[in-house]
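Peer 1: Please find one structure pasted underneath; my questions will follow.
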Amino acid sequence: LRNDTGLEAPMTRSAAAFLREQRVVPGGSMRHASWFAPHPPYAARGEGCWIIDLDGRRILDCANNFFSLAHGHAFPPIVAALTDAIAKGTAFGVPMEAEIALAETLRARNPRLEQTRFCNSGTEAVMAAIKGARGVTGRHRIAKFEGCYHGSYDHAEVSLESRPEEWDDAAGNPASIAYAKGTPPAVLADTVVLPYADADRCAAILKREGPSLAAIILDPQASKAGMVPMPAAVIAAVQQACARDGIMLIVDEVVNFRLGFGGVSPLFGLEPDFVTLGKIIGGGLPVGAVSGPAARMAVYNHAAGKPKVALGGTFSANPLTMAAGLASLAHYDEAAVARLNGLGEMLRQRVNAGLAAAGLPGRMAGAGSLFRLHPGARKIEDYRSARPLPAEAEALPRIHAAMLGAGILLTPNCSGALSTPMGEEQVVLIADTLIKATIAEFQA
Ligand code: PLP
6 LRNDTGLEAP MTRSAAAFLR EQRVVPGGSM RHASWFAPHP PYAARGEGCW
56 IIDLDGRRIL DCANNFFSLA HGHAFPPIVA ALTDAIAKGT AFGVPMEAEI
106 ALAETLRARN PRLEQTRFCN SGTEAVMAAI KGARGVTGRH RIAKFEGCYH
156 GSYDHAEVSL ESRPEEWDDA AGNPASIAYA KGTPPAVLAD TVVLPYADAD
206 RCAAILKREG PSLAAIILDP QASKAGMVPM PAAVIAAVQQ ACARDGIMLI
256 VDEVVNFRLG FGGVSPLFGL EPDFVTLGKI IGGGLPVGAV SGPAARMAVY
306 NHAAGKPKVA LGGTFSANPL TMAAGLASLA HYDEAAVARL NGLGEMLRQR
356 VNAGLAAAGL PGRMAGAGSL FRLHPGARKI EDYRSARPLP AEAEALPRIH
406 AAMLGAGILL TPNCSGALST PMGEEQVVLI ADTLIKATIA EFQA
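In the UniProt record's numbering, the protein residues as written are 6 to 449.
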């Protein structure tokens, strides 16, 4: 098999599937983020923390469907909940008790998640929260942080992957750069971009733009910004602007809800007006949710007549998703969160000690059960410093390929998420394989 990357690969069953897929799917992949050269393994099935591919290889899964699986694959309580639910019917245009139970579960974990509306993806949740903030404030502009991913909604995508030559606007602040071709100019004009690690600059931009903003959206441990925590001073600048100018604070917890029992906001002292959720709250089925204090969520309330903001969805609060989500969260209790976060800490420490002992510059960042390898020596504090230098951009795919060759799947930028079926044995395997692959890369 040879594809347009020029790489050769043996004709396995996964390779044959990729050839077949290329004929009917652009690029031979449903999601660009899951594609890597020469082709990804094709899953036949999953079992705990393992993917079994079409060729029968057992691959330790640290990608976990873009970090959305807290319990790996075919987790027996989720399978049982789904088996029970599916026999009762898969979609109703009337409500079911399961949606109440999942909303109650979220509120019990963090009282700030007082009311919830479910939808089908994190992208939809972000879109709904931005619309909600617009409904509350009567304004339409938003602010977001440079290089932070919040799904594929137009405004949320601005400056997701801006390049050094595009970084600064005339005033020396992060420029609003289109991610996708065809982005309407109005989207750029209506999206203010903030620096992730510069509190003074944030405060200055927000002083100027604050009165016209409906919302500031942030993820305080954003993976594209290096998977490092947003500095407290930046968070304080955001909170001050929100209080001063009546801006809605949206915290995107689609990924990072997994970091704490009550999600990530309490860990950073954040009191959001809207929280966006997804991934693990759906137990492996498509899900999104917007949540927040009842006073804010009233913007979606249709009961008193026309809601200020419409939030529909044929498959929203789908009974299968609700059943899987309830089982997922029931088994992601305080003890499970603490155990998995402990394993994450062990992984980061072992990798960092191993790289230091080998005299290598790289470092593993992350928090809780999430991790990301940075192969460079510089301090990583935001999207700009986390963006791989040209040599690193070549090294990372090779490290990724070496890991996969050894039977461990990371995301293409060498980040990952642990799942509850994993234990210390898997953590040691991931760490030692990664250290070996990184040493081999640097010695080559
Ligand atoms: N927000 C964050 C922080 C994400 O990482 C993602 C997806 O990776 C999304 C939103 C969008 O979620 P979805 O892929 O379910 O649309």
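Quick reminder that beta carbons are idealized off the backbone N, C-alpha and C, glycines included.
Give me the Cβ distance between N418 and R377, rounded to the nearest whole Å; I'm assuming they're in contact under 8 Å.
Peer 2: At roughly 7 Å, the Cβ-Cβ gap stays under 8 Å, so N418 and R377 are in contact.
Peer 1: Tell me whether S126 counts as near the ligand PLP, meaning its Cβ is closer than 7 Å to at least one heavy atom of that ligand.
Peer 2: Answer for S126: yes, Cβ within range of the ligand PLP.
Peer 1: Inspect the beta-carbon positions of V198 and K149 and report whether they are closer than 8 Å.
Peer 2: Yes.
Peer 1: Less than 8 Å between the CB atoms is what I'm expecting for G330 and V292, so what's the real figure, rounded?
Peer 2: About 6 Å separates the two Cβ atoms, so the contact holds.
Peer 1: Could you give the DSSP three-state label for E397: helix, strand or coil?
Peer 2: Of the three classes helix, strand and coil, the one that applies to E397 here is helix, per DSSP.
Peer 1: DSSP beta-bridge partners for Q120?
Peer 2: For Q120, which the question treats as bridged, DSSP gives the partners G297.
Peer 1: Is any non-hydrogen atom of the ligand PLP found closer than 7 Å to the C-beta of G318, if you look at the structure I gave you?
Peer 2: No, since every heavy atom of the ligand PLP falls outside the 7 Å radius drawn around the Cβ of G318.
Peer 1: How is the alpha helix (DSSP H) around E214 delimited, first residue to last?
Peer 2: 204-214 is the span of the alpha helix (DSSP H), which, as asked, contains E214.
Peer 1: What number of angstroms, rounded off, separates the C-alpha of I57 from the C-alpha of D66?
Peer 2: In a straight line, the C-alpha of I57 is about 10 Å away from that of D66.
Peer 1: Cα separation between S142 and M253?
Peer 2: According to the sequence shown, residue 142 is Thr rather than Ser. Using only the alpha carbons, I get a separation of about 8 Å.
Peer 1: Return yes when at least one heavy atom of the ligand PLP lies under 7 Å from the C-beta of H37, else no.
Peer 2: No, Cβ of H37 sits at least 7 Å from all heavy atoms of the ligand PLP.
Peer 1: Quick one, which of T188, P277, R168 has its alpha-carbon nearest S157's?
Peer 2: Closest option to S157, Cα to Cα, is T188.
Peer 1: The beta strand (DSSP E) spanning A133 covers which residue range?
Peer 2: That residue, A133, is in no beta strand (DSSP E); its alpha helix (DSSP H) goes 127-142.
Peer 1: Out of R389, E52, L290, M351, which has the shortest C-alpha to C-alpha gap to A332?
Peer 2: The option with the nearest alpha carbon to A332 is L290.
Peer 1: Take the Cβ of G98 as the centre, count every other Cβ of all protein chains shown within 10 Å, and call the residue buried at 16 or more, exposed below.
Peer 2: The residue is exposed, with fewer than 16 neighbouring Cβ atoms inside 10 Å.
Peer 1: Quick check on H44: does DSSP put it in helix, strand or coil?
Peer 2: Correct three-state label for H44: coil.
Peer 1: Tell whether a beta-carbon distance below 8 Å holds between residue 452 and R301.
Peer 2: Any property of residue 452 remains undetermined from this structure, which presents the chain solely from 6 to 449.
Peer 1: So, at 7 Å on beta carbons, what are the nonlocal neighbours of S217 in its own chain, with the 5 sequence-adjacent residues on each side left out?
Peer 2: Cβ within range, chain order: R144, R146.
Peer 1: In angstroms, rounded to a whole number, what distance separates the CA positions of G343 and M35?
Peer 2: One point to set straight first is that residue 343 is Ala, not Gly, in the sequence displayed. For A343 and M35, the distance between alpha carbons rounds to 34 Å.
Peer 1: Please specify which runs of the beta strand (DSSP E), each continuous and at least 3 residues long, are wholly inside the stretch 15-89, giving them in chain order.
Peer 2: With a minimum length of 3 residues, the continuous beta strand (DSSP E) runs that stay inside the stretch 15-89 are 48-52, 55-58, 63-66.
Peer 1: Is DSSP giving T416 helix, strand or coil here?
Peer 2: The answer is coil: DSSP assigns T416 none of H, G, I, E or B.
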